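Structure record follows, encoded as structure tokens.
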Amino acid sequence: MRVIVCDNYEEVSKQAAKIVASQLVLKPDSVLGLATGSTPVGMYNILSEMNKNGEIDFKDVTSFNLDEYYPMAAEHDQSYRYFMNENLFNGININMENTHVLSGTTDDPEKECADFEKMIDAAGGIDLQVLGIGQNGHIGFNEPDTFLYANTHLTDLTENTIQANSRFFEKIEDVPTQALTMGIATILKSKRIIILASGSNKREAVTDLIEGEISTNNPASMLKVHNDVIVICDKEAYSK
Ligand code: PGA
């Protein structure tokens, strides 16, 4: 695992955008794994700008998002489909049909998840997966537990995650308590992975990721078995 410690959030965003951009230059029809949350927003803004300036092209790119709340309508302003449209897809020349976000309104979550896995495989696998990290060490919505799921699945959210995400909702009761998420193996099958973190509230999770043991109680620690992972964080998130 390589660790890049940046001075601040802006630098984290720039470093991450550089890596995504270089991926698209090397392979214009890349398959990207994308994340939501506050952390990647700066990177998405830079990528949108680079696309407008003609520096990078998303015309042949396919994307798969890590997760989606369940139940959650795509049109809801807190859905991850809505987030991706607003923060990236509407501002770049990606073909919307090539963007895949799990459906938060499916009445057959098991089939939705199985189909999602098949679509990733049919696209040739994810070339570059972008991750954030939860304060509790979650990646996607793989929450700390005594066991973890390999494949895309429906999961319960922990109290910590519901609390952390309540900042986007009017009241905590409005935060969905379940989500569909890629599993640990889905993520680890990606050819390259970057994981972004910023701010002191991520320090424990990032320190644990870099220095801790591999444990299901710290889902991000599973990334240690992958041979091409870059942690991009700022000094507040990791200063050692
Ligand atoms: P954040 O979320 O980027 O909003 O901090 C990260 C995550 O929960 O994975």
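Residue 667 in this note's numbering sits at position 171 of the sequence shown; the count goes up by one each step and never skips. Don't be surprised by glycine CBs; every beta carbon is placed ideally from N, CA and C. None of the values given here were measured: they were computed from a predicted structure.
Query raised in the report: Is any heavy atom of the ligand PGA found at a distance shorter than 7 Å from the C-beta of Gly529?
Result: no
Requested in this report: Assign Tyr734 to one of three DSSP states: helix, strand, or coil.
Outcome: coil
Query - the ligand PGA site residues, beta-carbon cut 5 Å against heavy atoms - result: Gly533, Ser534, Thr535, Gly628 and Gly630
Query raised in the report: How far does the beta strand (DSSP E) with Val626 in it reach, from first residue to last?
Result: Leu624 to Leu627
Report task. Given a cut-off of 8 Å, decide if His722 and Leu684 are closer than it, judged by their beta-carbon atoms. Result -> yes
Report task. Could you tell me the distance, in whole angstroms, from the CA atom of Ala531 to the CA atom of Glu707? Result -> 24 Å
Query raised in the report: Under the three-state reduction of DSSP, which class applies to Gln511: helix, strand or coil?
Result: helix
Query raised in the report: Among Lys698, Ser735 and Ile690, which has the Cα closest to the Cα of Asp724?
Result: Ile690
Query raised in the report: Between the Cα of Asp670 and the Cα atoms of Ser735, Asn714 and His572, which residue gives the shortest distance?
Result: His572
Query raised in the report: What does DSSP give as the partner residues of Cys609 in its beta bridges?
Result: Answer is none; Cys609 lacks a bridge partner.
Query raised in the report: Whose C-alpha, out of Thr682, Ala618 and Asp730, is nearest the C-alpha of Met718?
Result: Thr682
Report task. Using 10 angstroms around the beta-carbon of Met592, count the other beta-carbons present and answer buried if the total reaches 16, otherwise exposed. Result -> exposed
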